[in-house]
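*Asks:*
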Amino acid sequence: MNFVVLGAPGAGKGTQAQIIKDKYSIPVISTGNMIRDAMANHTELGENSKQYMHDSELVPDKIVIPMIKKRLVMDDCSGGFVLDGYPRTIPQAYILDEMGVKIDAVISLEVDDEVIVNRLMGRRICSKCGTSYHIVDNKPMVDDICDKCSSPLITRDDDVEQTIRTRLRVYHERTQPLKEFYNKQGKLRVICGQSDVHDTIKLTLAALEDL
Ligand code: AMP
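Once you know that position 187 of the sequence shown is 228 in the numbering used here, the rest is easy, because the numbers rise by one and skip nothing.
(1) Along the chain, where does the alpha helix (DSSP H) that runs through Tyr-93 open and close?
(2) Does the Cβ-Cβ distance between Asp-198 and Met-162 come in under 8 Å?
(3) Hey, Ser-173 and Arg-160 are a contact pair by Cβ (cut 8 Å); roughly how many whole angstroms apart?
(4) Let me check you understand the geometry: is the CB of Thr-56 closer than 7 Å to at least one non-hydrogen atom of the ligand AMP?
(5) If you draw a straight line from the C-alpha of Asp-116 to the C-alpha of Pro-68, how long is it?
(6) Examine the Cβ distances between the segment 107-123 and the segment 205-216 and report whether three or more of them are shorter than 8 Å.
(7) Find the nearest neighbour of Glu-139 within the set Val-147, Val-152, Lys-110 and Ser-149, judged by alpha-carbon distance.
(8) Tell me Ile-186's beta-bridge partners as DSSP assigns them.
(9) Pair every Cβ in the segment 45-55 with every Cβ in the segment 146-156, then say whether three or more of these pairs are closer than 8 Å.
As structure tokens, then:
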């Protein structure tokens, strides 16, 4: 079974994608993670993507499309996959059709923009183990120190208001039209993101019950 998870940055796509992965024992394919890995490894793809990532714009199709085409034909995708961060535009969705990939269901995770801005601006990440905290909703036991490994907490470069708002604008302009695209195909399942992530997980699982 093949799934797409749509949602604004900070809506919690990654968490819901993991839930679907566990339910169906299929891999999560996150184009954002693939690009970040390529940047960390200084590959040509990573170097060519850097500026777009830095500006919070979409990485051009001539980079992303060959990357996803190569990934989806790998052995671990033969039993299905969850796409997190792809497609980001309608032309990218057509590439899946061209490849003969049939999408079974699309989860659209809806969270209000202002909730996202608050969520991401308050996010703090452990500089060592990556555990995520929030200055109001999920505080560490000691301010600015990780509960798990006692390392300092940091704010991610892209968790500043201006950057968050740019990423939201790009989402609304470029990615949101995909909702209508998949709705017309009868594949769209809308989930309202809840303040407690466990409640959102329940809604996602309920939305997939008939599959
Ligand atoms: P994400 O981790 O999904 O929020 O992606 C982080 C960044 O990676 C985005 O802001 C884009 O710059 C880039 N990116 C990820 N997926 C795509 C895609 N399908 N098309 C274009 N750019 C992408």
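Ideal Cβ placement from N, Cα and C applies to all residues, glycine included. It should be emphasised that the depicted structure is a prediction, and the values quoted were computed from it without experimental measurement.
*Replies:* With the structure as the only source:
(1) 85-95
(2) No Cβ-Cβ contact shorter than 8 Å links Asp-198 with Met-162.
(3) Between Arg-160 and Ser-173 the Cβ distance is about 10 Å, and since that is not below 8 Å, they are no contact.
(4) no
(5) 11 Å
(6) no
(7) Checking every option, the nearest Cα to that of Glu-139 belongs to Lys-110.
(8) Pro-193
(9) yes
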